[in-house]
Structure formats: structure tokens, C-alpha cells
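Peer 1: Let me give you the structure first, and then I'll get to my questions.
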Amino acid sequence: MEVKIDGITITNPDKIIYPKEKITKLDVVKYYKTVAKYMLPYLKNRVLCAIRCHGGINEECFFKKHPTTETENVNTIKINGEEYFYIKTEKDIIYQAQMGTLEFHTWGSKIKSINNPDFMIFDLDPATNVNLQKLRQGVLLVKEILDNLNLKSYLKTSGGKGYHIVVPFAKCKNWQSFKHFSHNIALLCEKLHPTLFTTSIRKKDRTGKIFVDYLRNEKGSTCVCAYSLRARIGAPVSLPISWQNLNKITPNEINMQTALKLINTQNPWKNIYETNQSLNK
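Residues 156 to 436, numbered by our numbering, are exactly what the sequence shown covers, in order.
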């Protein structure tokens, strides 16, 4: 049976994408149709890297960074001789879902200011022996450090083990200073709370600690976009949440169904682009 959404033909609509939950491709496309207006501000005009799972999450998924034979609903840009693609409209999101995209990952800058990042990400990744209470304590301590620097920050679930803290900037000089500043923040977390945080990427150094991942803050690195599904059991979503809800919502608690309920009642990132913070050093 042929199904069309916003004029886009959805092929294999009954294909099971999340076997345990019996979520079909059409369910996924309908999810993105519903959240597209909320998601677009964080996707629009940013280089996109997509995780596609044509056969469902139990099959091999792949990371797509460059456009190939696709031409419809695909916008391209060349950066240092390489071609990338990006999204401009809600319809582009639906097209990506039709093409098998489950996860939407973006750069921290927009295409018209590709060398001036505006979204700084701190991915707080706990070791397996770090409990939820300790993780939440760590999240609040990072927020406290940012508050003391007069930096407004926002929170979202990762859809995985940890939380993402986002610090928006209206202006930033370049990627080098952006990464350097985020590294210094991570080092400060580690210095002030050495038994809780680590900046080491080596697994052996992370036992019992939270890895403050600042490495997403360099040109070409990506982070999963707000409202994106994750290609994991349970169909979890990386969803913006308020700081007040940190102790109520676990990192992978929000799934496709609960996200659809929550987005109609809250928008904790409503004013994120009005945050007038600059980083010019």
C-alpha cells in the first residue's frame, strides 16, 4: 500500500524498525512529521550527519555524512572540497525519515557562519558503575560552574546513558577558541571535583567517574539533535527538558510515545536563540 506524507511517497511503510516495540517505518515518519516544527530550529541550515537503519535497529546501521545519488529534498554545501548536506524545511526532515534516517546529528555552527560555532555541547557520559544520583549531581555541578561564569545553559536527555548540557552563543570568534574554552570548562570540572569528573578518553581512567566530553566542540564533530530518535531498544529520544525536571527524567526514559505527549506541554528551549552570550577570545 502506497502512503504519502507531505507529498513524499513512503516506501515499505510496514517495515519493522524497532522490533521489540513493533514500531514501523511509517510510525517513525509520522513521529518526525509531528515533531518537525519543534526540531527544525536546531536542524535548519546546519551540516547534517545521519544515522540510517534501512533494515531496522537490529540490522547494520550506518553514518551518512555526504550526499551521494540523492537529489530530491537535499541541500548541499562544499566545505574544504567535500560535499555535505543540510536541512532547510520540515519536508526535508520527512524525506530523511523516508530514506531510513533514524538519528539526526548536526554540527555546532550554521552553514552561513560555518567557522563561527554557536552551540557548545557538554556530553556527560557516566561510567557503568556511576549511579543515577551521582550522575545528576554531576550535571548540577557543571551547571553551577557555568552559572558562576555567567553562562546560561540548557539541558536535554541523550537517549543513552547521560545528559547533554548545551551552552548557546550569539557570537564566537572561531572553532579553535570554541574548543579551547570548552576544554577549559571540562578541566575546571575535573579540578574542582576530581573524584567525580574526568576528561580522559581512556576507559581505565573513567571507572567510577563521569566523562565530561567536550570533544564535540570542534569543526566537523557532531551531536545528536534535539527531538531526534536514537537507534536503540525502546526508541528513546534526545529531548529538551527543564532543569527542574532533571531529577524526574532519566537519560533514556523519554521514548517516541512519551515525547509526543511532552512536546505539547513544555518547550524548555523556547528562548534558547535569544540567549545573548558571546565568546570572542
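C-beta: ideal position from N, C-alpha, C; glycine also.
Between the region 201-211 and the region 166-178, can you find at least three pairs of beta-carbon atoms closer than 8 Å?
Peer 2: With the cut-off at 8 Å, the region 166-178 and the region 201-211 touch.
Peer 1: Per DSSP, what are the beta-bridge partners of His319 in this structure?
Peer 2: According to DSSP, which records beta bridges pairwise, His319 is partnered with Asp278 and Lys311.
Peer 1: Just how far apart, CA to CA, sit Ala252 and Val184?
Peer 2: Rounded to the nearest angstrom, the two C-alpha atoms are 5 Å apart.
Peer 1: Just how far apart, CA to CA, sit His338 and Phe277?
Peer 2: Spanning the two alpha carbons is a distance of roughly 10 Å.
Peer 1: Quick check on DSSP: helix, strand or coil for Ala390?
Peer 2: Three-state DSSP puts Ala390 in coil, outside helix and strand.
Peer 1: Is the distance from the Cβ of Phe274 to the Cβ of Val229 below 7 Å?
Peer 2: Not closer than 7 Å, so no.
Peer 1: Does Thr420 come within less than 7 Å of chain D when only Cβ atoms are used?
Peer 2: The chain labelled as chain D is not found in the depicted structure, where only one protein chain is given.
Peer 1: Where do the N-terminal and C-terminal ends of the alpha helix (DSSP H) with Arg291 fall, by residue?
Peer 2: Taken as a continuous stretch (DSSP letters only), the alpha helix (DSSP H) holding Arg291 covers Leu287 to Asn303.
Peer 1: Is DSSP giving Ala325 helix, strand or coil here?
Peer 2: DSSP places Ala325 in coil when its eight states are reduced to three.
Peer 1: Note down the Cα distance separating Ile418 from Thr189, rounded to an integer number of angstroms.
Peer 2: Roughly 10 Å separates the two Cα atoms.
Peer 1: If you follow the beta strand (DSSP E) that Ile171 is part of, which residue opens it and which one closes it?
Peer 2: Its beta strand (DSSP E) spans residues Ile171 to Tyr173.
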